[in-house]
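Report on one structure; see the data block that follows.
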Amino acid sequence: MRPLAVVATVAWLASCGGKEQEAASVRAAADPNVVIFSAAQVQHGGVRWEPVAASSGASVLEVPGQLVPNEDRTARLGAPGRGRVVRVHVQPGQRVTIGQQLVTLQSAEASAARADFDKAVAELDSRRAGATYARTARERAERLLIAKAISRQELERSQADDELARSSLAQAEAELQRARAAMQQMSVSAADGSTLVVAPLAGVVLSRDAVPGAVVEAGAPLVSVTDPSSLWLEVSVPDRAASGLVTGARVRFVVPAFVGDTFEARVQSVGGALDPSTRTLPVRALVGNSARRLRSAMFATAWIEGGERRATVSVPEDAVQMLEERPVVFIAVPDGKGGAQFERRNVQLGGTVAGRAQLLQGVSAGDVVVTAGAFAVKSEFARSKMTKE
0 MRPLAVVATV AWLASCGGKE QEAASVRAAA DPNVVIFSAA QVQHGGVRWE
50 PVAASSGASV LEVPGQLVPN EDRTARLGAP GRGRVVRVHV QPGQRVTIGQ
100 QLVTLQSAEA SAARADFDKA VAELDSRRAG ATYARTARER AERLLIAKAI
150 SRQELERSQA DDELARSSLA QAEAELQRAR AAMQQMSVSA ADGSTLVVAP
200 LAGVVLSRDA VPGAVVEAGA PLVSVTDPSS LWLEVSVPDR AASGLVTGAR
250 VRFVVPAFVG DTFEARVQSV GGALDPSTRT LPVRALVGNS ARRLRSAMFA
300 TAWIEGGERR ATVSVPEDAV QMLEERPVVF IAVPDGKGGA QFERRNVQLG
350 GTVAGRAQLL QGVSAGDVVV TAGAFAVKSE FARSKMTKE
């Protein structure tokens, strides 16, 4: 709602209430979460209320959880061989691209792999030259035989030499392929024989275990890289609710870092066995995080559809207002004379279906909630706050 509309509504409320408005404000001043409307204000504001009933929507299970890296899009890189860390090129949290250098190692194994490769290249060049000479000699012998300048025995000897040279060339090519594969496996640099550990995917550096100067063994962890555009939400579900969980079920969750915001995910996997110590079932949900607001290791409160049966309530979308950057509804306590006292109630939204907002927290079945004219009540809260300030 635009600021001018808020001001206009506040001014209208002030004019329609007169002295009754002043008295109501005095009575409500003691509690910043309560405002009081006269019958005239209720009528002119179009304020209506009704008790909320239990929703017949999908069952929802509330469980704690934690965000973790999506291991399908995470690379935990280790040392390809024993060596010494020469340089670490990145820091935790740094963005990297595919193929970017992360760590440089120097090792005897890498140097040996580079030497084997260079030797294989030289041997191949030698065998290739020999094969070329043998082929030329065979072709010359064939021409001389036609001219009856040599014997058939000499031709057969040159043909055998050609066959042997071609076989040796094939062996040299195979050896070069082996040496190249060994060098690539160790990420050996073509320049100086050092080992370069590079990023296999674009993302951010999740952790850095490599320390310059340290000697590491093969397989020792060096750097972890993850794509933060996708995360996993891991939760543990009580055994009594395990039977109702299915892959693809909708998950809504909140994190303390973003008060009032609700995020969504989908169940990706349901554990095949209970944890014997906690009697809970591990469940993992896939979280889209293209805006990169969420971070790994954040704690969350999650609501999973299809879990243990539980009553929920819903209200018209317009009944939910944003007040001080939080979603709220207003609980009405009628005074029997057409007026009412309204209490702001912080709520946790669980999504919207057919124009009705599902409330996961803050309101119980039977509470009397403002379902029309909620903006007028919100404007009175804003006016009361400005008056006190």
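For the sequence shown, numbering that gives the first Met the number 0 assigns the number 0 to the initial residue and increments by one for each residue that follows.
Beta carbons: idealized from backbone N, C-alpha and C, even for Gly.
Contact set for residue i: own chain, Cβ-Cβ below 7 Å, skip 5 residues either direction
i, result
"Arg151", "Leu144"
"Ala133", "Asp160, Asp161 and Ala164"
"Arg179", "Phe116"
"Gly335", "none"
Local Cβ density within 10 Å of residue i, reported as buried at 16 or more and exposed below that
i, result
"Gln20", "Residue placement at Gln20 is flagged as unreliable, the pLDDT there being 49, under the threshold of 50; a coordinate-derived value is accordingly withheld."
"Gly80", "buried"
"Glu324", "exposed"
"Asn69", "buried"
"Pro227", "buried"
"Ser383", "buried"
"Phe257", "exposed"
"Arg113", "buried"
"Glu379", "buried"
"Ala209", "buried"
"Thr96", "exposed"
"Arg239", "exposed"
"Thr135", "exposed"
"Gly338", "buried"
Length of the line joining the Cα atoms of residue i and residue j
i, j, result
"His88", "Gly98", "13 Å"
"Gly305", "Leu66", "21 Å"
"Arg137", "Asp71", "58 Å"
"Arg207", "Gln90", "7 Å"
"Asp117", "Gln170", "16 Å"
"Ile303", "Gly354", "21 Å"
"Gly247", "Gly270", "14 Å"
"Ala219", "Leu76", "8 Å"
"Val404", "Ala217", "Limits of the chain in this structure are 0 at one end and 388 at the other, which puts residue 404 out of reach."
"Val41", "Pro31", "19 Å"
"Asn288", "Ser276", "32 Å"
"Asp260", "Val222", "33 Å"
"Arg94", "Ala299", "25 Å"
"Phe341", "Arg292", "35 Å"
"Lys377", "Ala284", "36 Å"
"Leu195", "Gly212", "15 Å"
"Thr73", "Pro255", "25 Å"
Residue i - partner residues in DSSP beta bridges
i, result
"Asp334", "Its beta-bridge partners do not exist; DSSP assigns none."
"Glu61", "Trp302"
"Pro220", "Gly77"
"Gly287", "Ser229"
"Asp274", "Thr279"
"Pro237", "Thr279"
"Val214", "Arg83"
Contact belief for residue i with residue j at Cβ below 8 Å, rounded distance in angstroms
i, j, result
"Ser193", "Val266", "About 45 Å; that fails the 8 Å criterion."
"Val312", "Val234", "That belief does not hold up - the Cβ atoms of Val312 and Val234 are roughly 23 Å apart, past 8 Å."
"Val286", "Ser229", "7 Å"
Close Cβ partners of residue i (< 6 Å) along its chain, the five nearest in sequence each way excluded
i, result
"Gly44", "Gly372 and Ala375"
"Gln105", "Gly82, Arg83, Val85 and Ser193"
"Phe262", "Phe252"
"Glu108", "Gly80"
"Ala28", "For Ala28, the predicted structure reports a pLDDT of 49, less than 50, and the residue's modelled location is therefore unreliable. A value from the coordinates is still provided. Nothing meets the Cβ criterion."
"Pro50", "Gly365 and Val367"
"Ala201", "Thr96 and Ile97"
"Arg278", "Asp238"
"Ala301", "Val62, Gly64, Val234, Val250 and Phe252"
The ligand SAH heavy atom lying under 6 Å from the CB of residue i
i, result
"Tyr132", "Absence of the ligand SAH is noted for the structure shown, with no ligands found whatsoever."
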